[in-house]
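Notes for the one structure printed next.
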Amino acid sequence: MLNYLSLGFNDVTANTTGVWFQSFIKGQQPQINTGPTGLQRLDYVVKSAEIYGIKLIINFVNNWGDYGGMAAYNTYYGTTKLGWYTGKTF
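Residue numbers for the sequence shown follow my numbering, so the first one is 6 and each next one is one higher.
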């Protein structure tokens, strides 16, 4: 059985016509994109893996600024990296 790592994240902090899964745009409520430029793409990957007997390990959070991740969450919610992991706000 094959195992693969798949990315389950792509957070944005500005409006875009590209692929994104969650948005954290200042002044707006966070949104989840379930459409064709969002999680429908991840659904396709999961379904394809199932068809071919491939198991996936999907990361839903990341620490890469290019994909939003912790920096986007911390900026939007006014937290820090330490606070994210410990539940403490500084």
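In this text, a Cβ means the ideal position worked out from N, Cα and C, and glycines have one as well. Please read these numbers as outputs of a predicted model, since none were measured by experiment.
Endpoints, beta strand (DSSP E) assigned at residue i
i, result
"isoleucine 63", "59–64"
Residue i burial status per 10 Å Cβ neighbour count (16 or more: buried)
i, result
"glycine 58", "exposed"
"leucine 47", "buried"
"asparagine 17", "Looking at the sequence provided, one finds valine at residue 17 rather than asparagine. By the 10 Å Cβ count, valine 17 comes out buried."
Contact check, residue i vs residue j, beta carbons under 8 Å
i, j, result
"tyrosine 78", "tryptophan 69", "no"
"asparagine 20", "tyrosine 72", "no"
"leucine 44", "alanine 54", "no"
"lysine 93", "methionine 75", "no"
Cut-off 6 Å between Cβ atoms - residues of its own chain near residue i, not counting five sequence neighbours on either side
i, result
"tyrosine 81", "Phe29"
Delimiting residues of the alpha helix (DSSP H) encompassing residue i
i, result
"lysine 86", "86–91"
"valine 50", "44–56"
Neighbourhood of residue i by C-beta, 8 Å cutoff - its chain only, sequence neighbours within 5 removed
i, result
"proline 35", "Gln27, Ser28, Phe29, Tyr81"
"threonine 42", "Thr22, Gly23, Val24, Trp25"
Contact set for residue i: own chain, Cβ-Cβ below 7 Å, skip 5 residues either direction
i, result
"isoleucine 63", "Ser11, Gly13"
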